[in-house]
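Written out below as structure tokens is the structure these notes cover.
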Amino acid sequence: MVPESYYVALSAVLFSIGVVGVVIRRNPLVIFMSIELMLNAANLALVAFGQRIGNLDGQAVVFFVMAVAAAEVAVGLAIIVTIFRVRRRLSVDDLSLMRW
Amino acid sequence: MAHVAFFAIAAIAVASALGLVMRPNAIHGALFLVVNLGSVAALYLMLGAEFLAAAQVIVYAGAIMVLFVFAIMVLIPGKEESGPDPRRGARILALPVGGLLLLLLVFVVAARWNTPRGALVPNGSAAAVGRLLFTSYLFPFELTSVLLLAAMVGVLLLARRRA
């Protein structure tokens, strides 16, 4: 039986990698995927802690996080495609204005 | 035995996460993310969350990643991350800051290392999670459907070609 703390430590590692990915990458699609990585790390911690204290509520919350992530990805990718249609370039450094 | 499996899966998860962050090609990153999501699904199985493992493979590794790959294919002429980096200093700084964040997270989590163990081990079967979702979490569950509908309408509005 692997202790739950190992899972939480792994989730901390994955979350940190996701944060670094969001900061160092310039492609908005890769930044988006790093955000998915962070959401996933948080889910892993929720399941591990839920297992530790012995109830299922953590798993119910993970289910909702998955649903919200699906909605977020759909809207976010639509926004990126719209920006690309206007700008013909794909770099977050160009997008420092709210409107142009 | 379980330890060996855990460390093997954890190594795959960390390596694929690093691949996502390091590789310049977005499509490689997407495939690395699929590997990562799959290994996390395996960890869910090891934790006894069977329903979530299945949902992870279907919703994340299936639906969401197909959407990502599709968007990358649409946007592939976008010349990204070529040429010199205009903000190189800030991005080099990101590595020590990320390491610091990791230290902080481990520090916070270590304070909860010895959370008292619950009396019973929950089983994450579809029946148990479904019963919970349709009793205590019924209202948030219905709100989720409204959220997904709103997202769908919003995406249609955004993706429509302006005349």
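Top line first, the protein sequences correspond to chains A and B.
Read in order, the letters of the first sequence correspond to residues 446 to 545 in our numbering.
Read in order, the letters of the second sequence correspond to residues 599 to 761 in our numbering.
All C-beta atoms, glycine included, are put in the ideal place defined by N, C-alpha and C.
These numbers were taken from a predicted model, which means no experiment stands behind them.
Proximity of residue i and residue j at Cβ, strictly below 8 Å
i	j	result
B:Val727	A:Leu501	yes
A:Ala457	B:Val638	no
B:Ser614	B:Val633	yes
B:Ile662	A:Ala486	no
B:Val753	A:Ala519	yes
Backbone CA spacing between residue i and residue j [nearest angstrom]
i	j	result
B:Leu699	A:Ser461	7 Å
A:Arg534	A:Met478	19 Å
B:Ser723	A:Phe529	43 Å
A:Ala454	B:Phe739	30 Å
A:Val464	B:Leu618	12 Å
B:Pro694	A:Ser450	24 Å
A:Val537	A:Leu491	31 Å
Close beta carbons around residue i, own chain, < 7 Å, minus the five adjacent residues each side
i	result
A:Ile525	Pro473, Leu474
A:Gly495	Leu501, Asp502, Gly503, Gln504
B:Ile670	Ala624, Ile625, Ala628
B:Gln654	Leu635, Val638, Ala639, Tyr642
Secondary structure of residue i, DSSP reduced to three states
i	result
B:Pro714	coil
A:Leu540	coil
B:Ala652	helix
A:Thr527	helix
B:Tyr658	helix
B:Ala615	helix
Cβ shell of residue i (< 8 Å), same chain only, five flanking positions each side left out
i	result
B:Val667	Ile625, Ala628
CB contact check: residue i to chain A, cutoff 8 Å
i	result
B:Leu673	yes
B:Leu665	yes
B:Gly636	no
Short CB-CB distance (under 8 Å) between residue i and chain B
i	result
A:Asp539	no
A:Ile462	yes
A:Ala523	yes
A:Met478	yes
A:Ala493	yes
A:Ala516	yes
Contacts around residue i, its chain only, beta-carbon distance under 6 Å, and the 5 residues preceding and following it disregarded
i	result
A:Leu522	none
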